[in-house]
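Numbering (my numbering), first residue to last: 1 to 165.
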Amino acid sequence: MRLDLHEIINIPGKHVAFDYSPDWTELTYGSVLEVRPNTRAVGEIRNVAGVLTLTADVEADMHCVCARCLKEFDKHLALHTQAVIADPEDVPEDSDAYFLDGNYADVDEILYTALVLDLDERLLCREDCKGLCDKCGADLNEGPCSCKAEIDPRLAVLGQLLEND
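What follows is the structure, given as structure tokens:
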């Protein structure tokens with residue numbers, strides 16, 4: 001969504017509010033397979049002493065794949081973000097500010113970037129997910145597999161001492 005800011009750019013204290021549903025159904029990042037279409041972004045861009053500041057809350061439901069056990073699961077994301085929006089001529093290129101395009105701000109770009117930066121690249125279905133056995137591929141969340149634990153060859157001599165007793 002491109003938001004027209006011509007009414008607030010030069011008037012400190014003014015603001016423009018927004019409440020919309022960003023279309024991020026094409027987003028695939030890390031463990032995220034899909035962002036559900038019910039995403040909602042609510043916020044405002046306010047001129048504070050000549051500085052345009054975006055404040056927003058984003059709610060999104062995502063369909064993900066666990067980075068350990070590869071099971072698919074749903075995750076709800078609630079994100080609060082803030083950003084500075086400036087004219088490209090007013091700030092250095094290495095600044096964290098987002099740039100105006102004429103009198104417009106690309107709210108989708110700002111919120112999309114905030115979402116990606118807030119997400120872990122590797123999401124888990126639950127914090128204590130045990131993942132898959134690296135030998136047989138069994139889901140260790142459903143119980144132990146039948147694979148025998150390998151002994152580190154450097155410690156095999158110690159195992160032989162125990163067998164002699």
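We treat Cβ as the ideally placed atom computed from N, Cα and C, and that holds for glycine.
Residue i to residue j, Cα distance in whole Å?
| i | j | result |
| --- | --- | --- |
| proline 88 | isoleucine 45 | 17 Å |
| leucine 117 | glycine 159 | 48 Å |
| methionine 62 | proline 22 | 13 Å |
| phenylalanine 99 | histidine 76 | 29 Å |
| isoleucine 110 | cysteine 133 | 40 Å |
| threonine 81 | glycine 43 | 9 Å |
| proline 37 | tryptophan 24 | 7 Å |
| aspartate 108 | threonine 28 | 16 Å |
| phenylalanine 18 | glycine 131 | 41 Å |
| aspartate 96 | aspartate 90 | 13 Å |
| aspartate 128 | asparagine 141 | 9 Å |
| alanine 56 | histidine 15 | 13 Å |
Going by Cα to Cα distance, which pick from the options is closest to residue i?
| i | options | result |
| --- | --- | --- |
| leucine 79 | Val65, Val58, Ala86 and Cys69 | Val58 |
| glycine 13 | Glu142, Val51 and Gly143 | Val51 |
| leucine 115 | Ala41, Ala138, Leu70 and Lys130 | Ala41 |
| methionine 1 | Cys147, Tyr112, Ala67 and Asp74 | Tyr112 |
| alanine 67 | Cys125, His6 and Leu140 | Cys125 |
| lysine 71 | Ala138, Ala49, Ala60 and Leu155 | Ala138 |
What is the DSSP secondary structure of residue i, reduced to helix, strand or coil?
| i | result |
| --- | --- |
| aspartate 128 | coil |
| arginine 122 | coil |
| alanine 114 | helix |
| glutamate 7 | coil |
| alanine 156 | helix |
| glutamate 142 | helix |
Classify residue i: buried if its beta carbon has 16 or more other beta carbons within 10 angstroms, exposed otherwise.
| i | result |
| --- | --- |
| serine 31 | buried |
| threonine 39 | buried |
| asparagine 47 | buried |
| isoleucine 11 | exposed |
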